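*Asks:*
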Amino acid sequence: MSTRLATGGRLVNRAQKMNFTFNGERLSGHAGDTLASALLANGKMMVGRSFKYHRPRGVVASGAEEPNALVNLGTGNRLEPNQRATTTELFEGLAATSQNHWPSLEFDIGAVNTYFSRFLPAGFYYKMFMYPRAFWKHVYEPFIRQSAGLGRAPEAHSRDEDTYEHFYAYIDVLVIGGGIAGLQAALAAGRAGAQVLLIEQTAHWGGRTPVDGGEVDGKPAAEFVEAALAELRGMKNVALRTRMMGAGVYDHGYVLAYERMSDHAPGTPGPRHRLWRLRCKQIVTATGAIERPLCFAGNDVPGVLLASALRDYAVNYGVSIGDRTVVVTNNDDAYRTAISMKEMGLEVPAIIDARAGGGGALAQQARDLGIRVETGKGIAKVKGTRRVEGVAICAQAGEGAVLDEIKCDAVAMSGGWSPVVHLWSHCGGKLDWDDAQSMFRPRASAPPTGATGEAFVIPAGSANGHLGLGDVLADADAAGRAAAQAVGATPPKTAAPQGAGPDEAPIEPVWLMPQGVDIKLRMKAWLDFQNDVKVSDVQLAAREGFESVEHAKRYTTLGMATDQGKLSNINGLAILSDALGQPIPQTGTTTFRPPYTPISMGAIAGEARGKVFQPIRRTPIQDWHEAQGAYFEPVGHWRRPYCYPQGGESHAQAVEREITQTRNSLGLLDASTLGKLVVKGPDAARFLDMLYTNMMSTLKPGRCRYGLMCSENGFLMDDGVVARIDDETFLCHTTTGGAERIHAHMEEWLQTEWWDWQVYVANVTEQYAQIGVVGPNARKVLEKLGGMDLSRETLPFMAWADGTLAGIGVRVFRISFSGELSYEIAVDASYGRALWDKLLAAGEEFGVMPYGTEALHVMRAEKGFIMIGDETDGTVIPQDLGLHWAISKKKDDFIGKRAQERSHMTDPDRWQLVGLETLDGGVLPDGAYAVAEGTNANGQRNMQGRVTSTYYSPTLKRGIAMGLVRHGPDRMGEVLEFPGTDGTTHKARIVEPVFFDKDGEKQNV
Amino acid sequence: MLILECPCCGVRGEETEFHGGGEAHIKRSGPGSSDEAFHDYLFAKENPRGVHFERWRHVYGCGKWFHAARCTQTLEVFGTYSAQTTEPPQDIKDKISARRPGWTWREFA
Amino acid sequence: MSEAQSALRGTWHKGLVTVAEAGLQGMITLRGQTGEAGFADAVKQATGLDLPDTRTIVAADKRAIAWMSPDEWLLMCPYEDAHDMVAGLRAALAGRHHLVENVSDARAMFTLDGDDATLREVLAKLAPVDLHPERFGPGEMRRTRFAQVPGAFWLTAPGAARVVCFRSVAQYMYDLLCVASSEGSAVGYFKP
């Protein structure tokens, strides 16, 4: 059983106890523990069940590559699933639960799957759930949903209590990885004067060096780490940060780095995670290497760990996995584990070295310590189910005949080391297969290239395929210098530190153990622990024709779990290559995609939550609307009052009241959101003639004209009233949603097509609050405010004038979107609320009624006025809407004119605007289609039109609608059928689109 | 996520400050043009693997449009230049020739 | 004048830095051709200010003028003076192709005050701009993006910044700046 040793553990503080719970059980560890080391110290070997077969699984690694030890961390609003115990720092009160089992970790019903495993091979889901089709909805889908996923998502009602943020920084040299290579690279670049940021994903510097030892310049390597840190901390041009992971490398030196500020100390004030959005001139990836498992039967039994992890737990945390550890390896590095164990007084019954020739200096050291070393041997099978009880030894070259059995309670395996090339590869760095070291390593001649076409990523140390301490330091020093030079700094002429370690014998690739293992054992040899993919699954995929590594990956799900195959990918593609009878480089790797390990959704969102989730635009009168309890609707990023319900009124009742009072007396509308663009210059009139379909150059100063704007495709994109201020100056009103878009549209044509025209445009939308004063008493209330002559003679319909009202400077437009006598008053926005209040006060005697957007819509529909976004949808041209009167025939050109001559645009069968009146006075469903005789090629009913706007008209006391109908204007009086979605059919008669005051008498008083 | 240098204000900014505007140096076809010419103007766009000329707007910055010459394969940016021109300037073409000898794009080379 | 209200009426908050809405501020958009003979003189005659270099801002007395684009400047003056200054500029530029518009009410301005390094970090949480002290200093006008909205900022002195945005998103900008300067969120990256 795993336990805490009496001594040792350089990272833990035995004087400081920390309490935590696992599946509700109260346990304790020490400050400095990870959750994994603390669980192991408490004898918790089994930490979860596997995904598919629910096999017992234990901790297998000690870092970010861990596939098994995933837990639900936290509770309630702080619950997070799939958190790696190996990278979770222990804190007081930590609460974790294991995943993927029912009803309990020890007794899991799903474990029966393991007995059916021969019926659950690769591609099982694809094969099984195809037929019969009728089973999908009620049998297969619920089953898959029940068994899908590892951890459970937080409850729907829970809310993340933490905050997150982004941070932008521009740096010369980013060094990713704070191991000995990263430290040396940062030193080399920092000494050259380059601006350096060095980041390390764990809380500790030095990487594997303090565990693995060696000497630098004749002193223990751990001392070099401390000295390097001290020097770096003294450099003003170098910044160092721990708990910060290089998550992804993207185009042009863009890097996402994930900083975890308070995961180790929840409740600390401030953001929990910070996502650094870095722009780096040069990136040094000193990301180290990951040890590979070996593939033998039972390599997933709790107690089988990576050899390096076993010594990490012993050296860093003072935790032993068992009293008797068998080491199995194909390289020299794992001997370090055996030596460590022995030095701590633990038993190492045997080292099983698959290499016939055995190891080098470390092997000799092990033998000198009295350890039995077996060469040319392998493990036939691990004995035990819930934990290791022993191993069966066989010849590596054979089929697995058992030569000996050794009792043990831990197995340390090492299949060699894979450089962490993820960050090198994210942005296109290519890899080479290094046959001698059995690893993919960065191809120096094919690096990721940036904006200038030059390389911007430099791999360093073991991430670059250098495993010996001397090579690592030399390579890292060169990488740091090269990065500094690339950013224009000059490295001083200093020699790289000299690292020294024992001479090592070469690795021999071992992809299967033993080499000729039979199918029964192959089905127990695991490649991907997290997704339960076995050697036999990959071989099956190859047999079934999934020969591309990308296909085999998806078919078997190898490497598709949350660990993205950090342990399994190389072994898997070696098995695939073998099955296909081709060399490994020909098979290649799957694509490395960011992030390196999962990052929190909160970090991605950054500050964007709650009140700053998105910008909400406010008019100068917004406070008043809110105080009235207005019901708001989103219009772009604005929130406009839809209506102002009073008492217990429904929205429909409020809208009816607002319309009736406006039509009968006086309404007020906050129209501040309307776009307002000043277009000025000697060529302004000519420019507007090109932008609008109608003629604007003939508009007289002091007058207004309604205009339509089309895209170059001919489609109607915006409309609004244009006021001519003087000969050279126009004020163009746009729709609420159109202000920024039309401003950009104008700038685009001015800057990129007609750049010799003398026109300036300014967006003054927000300079003015604009208030619609609408209804038969509109003039009276304005006269009460006083200051301007607003008589019919002085300010006729479609005219504007500057003046003052109640002492406030205003511009009054006499325009109407309701059919009533109507003025729109523009006022400097800072005075908007003051004018609004004065209008409310002065209007009291008329029963002044602020109205919202729904009343606006209904009143415009009663008048047959179109609305951009209702009657238009990006496929409608003005001609469809009967707006021929607003399309100039005198102009040679305007934007959209040529397009409107295309055959499809002039097709007489285009649907055209009409009014629709239900026979029963009801309201047509929004968006309903009018059906025609017959069916189309897909067997669907033919259509002949659709509803674009539909409302209940309080004025007419009946439903009114507008729609686009084939040959509509020629079919007045015809009745169309509109099927609803509920089986009913609505009948409506085609009528003129103007329902109310056809002659416009009300607005012309 | 590109980095682009706006030739109008000199800011070397990240892509989120900019807005792409599609292919550069398109000649407008208006009234009087043939159906085919107008169709090509609206819809027929270059989609090269390699050297490409694009329009960009520094939308969160100075608001100006400009042109960018870049490689769609490697994302190398050869240069940015004024929007008020109907063809790439010679110095940009020279820069591309130095990096991609023998390049062609529409009628330019 | 008491009837005029700025977007947030001077709201302020003290976090890592002090964020305050600056109240009513006169602002005028000027567009014209800088290369045109006499243009700069005409602007100087009307405002007393020299046109600034690319991406810079110059201030004198209660006025300032900022470079916005190759043919656009933003003039700042007391709110009460804006209409007169618009009239003065239009008169001075009569006969030239130009545009002068009062945008005092279309914008909101914020002041940020605090420790210089911290202030830079607050800005760098929201704007994709290199705020390293060696590469961004007082006097530079930077138009950019603050999270999801356009904005512009400049440093008036070490530890003092101004931020300008559209009036309608003043509340959003204020909330953003407050969130970015919330307790415990110091990055500690820009060394003093």
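Protein chains in written order, with our numbering: chain A, 43 to 1047; chain B, 35 to 143; chain C, 294 to 485.
Just so it is clear, CB atoms sit at the ideal spot from N, CA and C, and this is done for glycine as well.
Remember, predicted model here, so these are calculated numbers, not experimental data.
Is it buried or exposed for B:R91, if we count other Cβ within 10 angstroms and need 16 for buried?
*Replies:* buried
*Asks:* Considering only their Cβ atoms, is the gap separating A:V720 from A:R747 smaller than 7 Å?
*Replies:* no
*Asks:* Give the range of the beta strand (DSSP E) segment to which A:C746 is assigned.
*Replies:* Membership of A:C746 in the beta strand (DSSP E) is indicated by the continuous run 746 to 752.
*Asks:* Using 7 Å as the limit for Cβ to Cβ distance, is B:W99 near chain A?
*Replies:* yes
*Asks:* Can you name the residues of chain C whose CB is closer than 9 Å to the CB of B:T50?
*Replies:* P421, R438
*Asks:* What is the DSSP secondary structure of A:K595, counted as helix, strand or coil?
*Replies:* helix
*Asks:* Any idea if A:H180 is buried or exposed, counting beta-carbon neighbours within 10 angstroms, 16 or more meaning buried?
*Replies:* A:H180 comes out exposed.
*Asks:* Run down chain B in chain order and give the residues with a C-beta less than 9 Å from the C-beta of A:R944.
*Replies:* D69, F72, H73
*Asks:* Is there a Cβ from chain C that is less than 7 Å from the Cβ of B:Y94?
*Replies:* yes
*Asks:* What is the C-beta distance between B:L36 and B:T114, in whole angstroms, given that I count them as a contact (C-beta under 8 Å)?
*Replies:* So it is not a contact: roughly 11 Å between Cβ atoms.
*Asks:* Output yes or no for whether 7 Å exceeds the beta carbon distance between A:L711 and A:Y893.
*Replies:* yes
*Asks:* Short check: CB of A:A928 to CB of A:T735, under 7 Å?
*Replies:* Contact: yes.
*Asks:* Determine the chain B residues that contact A:E207 at a beta-carbon separation under 7 Å, and present them in chain order.
*Replies:* Around A:E207, no beta-carbon contact reaches into chain B at under 7 Å, the shortest distance being about 16 Å.
*Asks:* A:L877 and A:V869 look like a contact to me (Cβ under 8 Å); what is the Cβ gap, rounded to whole Å?
*Replies:* 5 Å
*Asks:* Who are the near neighbours of A:F907 in its chain, counting only those whose CB is closer than 7 Å to its CB and skipping five residues on each side?
*Replies:* F859
*Asks:* Pull up the distance between the alpha-carbon of A:H667 and that of A:L863, whole angstroms please.
*Replies:* 24 Å
*Asks:* Indicate the three-state DSSP secondary structure (helix, strand or coil) for A:M759 in the structure shown.
*Replies:* The answer is strand: DSSP assigns A:M759 an E or B state.
*Asks:* Here's the rule I'm using: 16 or more other beta-carbon atoms within 10 Å means buried, otherwise exposed. How should A:M788 be labelled?
*Replies:* Residue environment analysis places A:M788 among the buried positions, since at least 16 neighbouring C-beta atoms fall within 10 angstroms of its C-beta.
*Asks:* Would A:N573 pass as a contact of A:A603 if the rule is Cβ separation under 7 Å?
*Replies:* yes
*Asks:* Would B:W137 and B:I126 qualify as a contact pair, given that the criterion is a beta-carbon distance under 7 Å?
*Replies:* In this structure, B:I126 does not lie closer than 7 Å to B:W137 by Cβ.
*Asks:* Can at least three beta-carbon pairs, one atom from the stretch 239 to 248 of chain A and one from the stretch 208 to 225 of chain A, be found at a separation below 8 Å?
*Replies:* yes
*Asks:* Looking at chain B, is there any beta carbon in it that lies within less than 7 Å of the beta carbon of A:R783?
*Replies:* no
*Asks:* My parser needs the beta strand (DSSP E) runs of 3 or more residues fully inside the stretch 594 to 681 of chain A; what are they?
*Replies:* 673 to 677
*Asks:* If the criterion is Cβ atoms closer than 7 Å, does the pair A:P687 and A:A696 meet it?
*Replies:* yes
*Asks:* My output table needs one value for C:K307: the three-state DSSP class, helix, strand or coil.
*Replies:* If DSSP states are grouped into helix, strand and coil, C:K307 belongs with the strands.
*Asks:* In the DSSP assignment, find the unbroken beta strand (DSSP E) run with A:D844 in it and report its ends.
*Replies:* 842 to 847
*Asks:* Identify the contact partners of B:I37 in chain A, using a Cβ-Cβ distance below 9 Å as the criterion.
*Replies:* Listed by position along chain A, the residues whose Cβ is nearer than 9 Å to that of B:I37 are D293, H294, G295, Y296, R321, G492, A493.
*Asks:* Measuring only between beta-carbons, confirm whether B:C40 sits less than 7 Å from chain C.
*Replies:* no
*Asks:* Report the partner residues of A:V370 according to the DSSP bridge assignment.
*Replies:* Bridge partners of A:V370: A:I394, A:M455.
*Asks:* According to DSSP, what are the bridge partners of A:R97?
*Replies:* DSSP lists no partner for A:R97.
*Asks:* Could you list the residues in the stretch 591 to 620 of chain A with a C-beta less than 7 Å from some C-beta on chain B, going in chain order?
*Replies:* Along the stretch 591 to 620 of chain A, none of the residues has a CB nearer than 7 Å to a CB of chain B.
*Asks:* Within the 7 Å Cβ cut-off, does A:R940 reach chain B?
*Replies:* yes
*Asks:* Taking the beta carbon of A:T1026 as the centre, do at least 16 other beta carbons fall within 10 Å, making it buried, or is it exposed?
*Replies:* When all chains shown are included, A:T1026 counts as exposed.
*Asks:* Taking DSSP as the reference, what is the three-state secondary structure of C:L392?
*Replies:* Looking at C:L392 - three-state DSSP - the assignment turns out to be strand.
*Asks:* What is the DSSP secondary structure of A:S707, counted as helix, strand or coil?
*Replies:* coil
*Asks:* Among residues of its own chain, excluding the 5 on either side of A:Q58, which ones have a beta-carbon nearer than 7 Å to its beta-carbon?
*Replies:* H72, A73
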